[in-house]
Amino acid sequence: MAPLQIGLLGATGETGSSIFNGLISSPQASDFNITALVRPSSLSKPANQALKSHKNVSLRALDLTASHEELTSSLQGIQILISAIGAQDQLSQIQLATAAKAAGVKRFIPCAFITVIPAGGIHLLRDQKQEVYNHIFQLGLSYTIIDVGWWYQISLPRVPSGKLDAVASIVTTEIAGDGNVLSGLTDLRDIGKYVARIVQDERTVNKWVFVYNELWSQNAVYDLVEKRLGEKIDRTYLSEKDLLARIESPGEGPNALFVKVPAQYMRSWGIRGDNTPEYAKYLGYVTSKELYPDLEFTSFEKYLEDALEGKIKPVYEELRAQFEASKKEA
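This is how it looks when you write it as structure tokens:
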């Protein structure tokens, strides 16, 4: 059988890197031809050039601001298109989807890859993504929407000794509600493993898939860290009223989103309880546990050990300083 032609947009980003690594390390990697779709101005960057060192991987220029004809040409020969673009570029997927349909792409996996959240005012990023999904539906383009829960990489609290500072969450330094609401957590490093399965699985065509490793509450995470490190962590609890105040009055200027967006996430998974397999199934998702019960993933306890041994790469390093600054201004 001919290799599956996969186009991947955002292959050097946080989620995109996991997807790329999952595809090239899959037992079925020889069945994939991967085309990393890159902005023309970024083709020569070392991180993108390094992708070509892997077997069956090539680079192709793709300009999301180009004409429909140019975009369509850039997608020729792609059977499955995976988008892992940045949060600020979500709506550019509308013209991308139109071009994918014209180019004969068989399945589009848009940039979902967040927690389970219902559309309609709970989270601004989720609502932007819904605009993209609605356009895909209007086109009649085959799709798979993959949400992945909350990353392990933004779940660990800081401890007094500073042992976890390098990998502690830059988003959730406080606890939502009473801290006992369960939420689906996933190791960022595992996301690609799930995607490698999904792209080969006809059961996932025109489906919503909720990928997660384990269910944890914030209190359980803090308890685990305290027990393992023997340190007491201060816990600051935020009520729904507290979070709504941040959502409705995040302040002015470019840092306002760094106040609003985390508060929206915390209210969704920490108080409403949206990010669970039960609620996902209610919304129509199929879960990774149902599809791939044999898939080996990293437990949260193992992730903590990896973090203590310095094996975890911090995520969004360049955003850390900006996020910390926004908290001081809020």
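In short: position in the sequence shown from 1, add 705, done, that's my numbering. By construction, the Cβ of each residue, glycine as well, lies at the ideal position given by its N, Cα and C atoms.
Asked                                                                                                                                                                         : Found
Buried or exposed for V910, going by 16 or more other Cβ atoms inside 10 Å?                                                                                                   : exposed
Whole angstroms are fine: how far does the CA of G721 sit from the CA of S747?                                                                                                : 15 Å
Under the assumption that F818 contacts V853 (Cβ atoms under 8 Å), give the Cβ distance between them as a whole number of angstroms.                                          : 5 Å
If contacts are defined as beta-carbon pairs under 8 Å, then Q843 and K811 qualify, I think. What distance do you get, rounded to the angstrom?                               : The pair is not a contact, with the Cβ atoms about 18 Å apart (cut-off 8 Å).
In its own chain, which residues sit with a C-beta less than 8 Å from the C-beta of G884, not counting the 5 before and 5 after it?                                           : S922, Q923, N924, Y927, R940, Y942, G975
Which residues share a DSSP beta bridge with Q710?                                                                                                                            : N738
Looking at C-alpha atoms only, which residue of F1002, Q795, L756, A734 is the closest neighbour of Y917?                                                                     : F1002
Counting only the same chain and skipping the five closest in sequence on each side, list residues whose C-beta sits under 6 Å from that of L742.                             : G712, L714, R765, L767
Smallest Cα separation from Q858: which of I822, S993, T878, I799?                                                                                                            : T878
Helix, strand or coil: how does DSSP classify E919 here?                                                                                                                      : strand
Write down every uninterrupted run of the beta strand (DSSP E) in the region 803-885 whose length is 3 residues or greater and which is fully enclosed by it, in chain order. : 812-814, 849-852
Give the C-beta separation of S788 and Q781 to the nearest angstrom, bearing in mind that I take them to be a contact with Cβ-Cβ under 8 Å.                                   : Between Q781 and S788 the Cβ distance is about 17 Å, and since that is not below 8 Å, they are no contact.
On a Cα-Cα basis, can you pick out the residue from F915, T803, P862 that is closest to P823?                                                                                 : F915
Can you tell me which of the three DSSP states K912 falls into?                                                                                                               : strand
Assuming H773 contacts T740 under a Cβ cut-off of 8 Å, what Cβ separation, rounded to an integer in Å, is found between them?                                                 : About 20 Å; that fails the 8 Å criterion.
So, are the CB atoms of R908 and V991 less than 9 Å apart?                                                                                                                    : yes
List, from N- to C-terminal side, the alpha helix (DSSP H) runs of 4 residues or more that fit wholly inside the region 975-1031.                                             : 982-988, 993-996, 1005-1013
Between the beta-carbon of R894 and the beta-carbon of S731, is there less than 9 Å?                                                                                          : no
Determine the direct distance from the alpha carbon of A808 to that of L846, and round the result to whole angstroms.                                                         : 11 Å
Pull up the DSSP beta-bridge partners for R765, would you.                                                                                                                    : L742
Out of P745, G791, L756, F963, which has the shortest C-alpha to C-alpha gap to A771?                                                                                         : P745
Which residues mark the beginning and the end of the alpha helix (DSSP H) in which S778 is found?                                                                             : 773-779
Look at the Cβ atom of T717, then the Cβ atom of N761, and state whether they are nearer than 9 Å.                                                                            : no
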